[in-house]
């Protein structure tokens, strides 16, 4: 039973259709490309958010040749897409929350999970490792 008594933290959304969703990096890439696995995101009533961590991860993937952008697009261009909004969590709290995600050594997974938990949003992901470590109300599986 969740006995979180911190009045400054909103409750975790129970209904997926009403939940606020943070896209993990793969979900963001798929959404940008209208991949069929993101269809469930179309049923969400509310706003989708992206993390600055995803933008950095995409930049690193592009620099390493593991991700090709369309045309001259850069990860920064994703901020202007009306399908989602960039969330800017307070970095000290965000990184402190990431310290508690000790089940992975992937820095971006830690940051994305911490970001979603800090905001009490669901993380849209297909990453099996993340899904195995989150409670069902903490993620939306793609």
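Numbering (this note's numbering), first residue to last: 401 to 542. Here a beta-carbon is modelled for each residue, glycine too, at the ideal position from N, C-alpha and C.
| query | result |
| --- | --- |
| Whether residue 539 touches residue 522 by CB criterion (7 Å) | yes |
| DSSP three-state assignment for residue 421, whether helix, strand or coil | strand |
| Selected residue, minimal CA-CA separation from residue 494, among 520, 446, 537 | 520 |
| Sub-7 Å separation of residue 570 and residue 423 beta-carbons | Given a span of 401 to 542 for the chain in the structure shown, any question on residue 570 remains unanswerable. |
| Residue ranges of each beta strand (DSSP E) within the stretch 445-487, 3 or longer | 448-450, 484-486 |
| For residue 522, the residue or residues it bridges with in DSSP | 421 |
| Counterpart residues of residue 620 in DSSP-defined beta bridges | It is not possible to answer for residue 620, since the shown part of the chain is limited to 401 through 542. |
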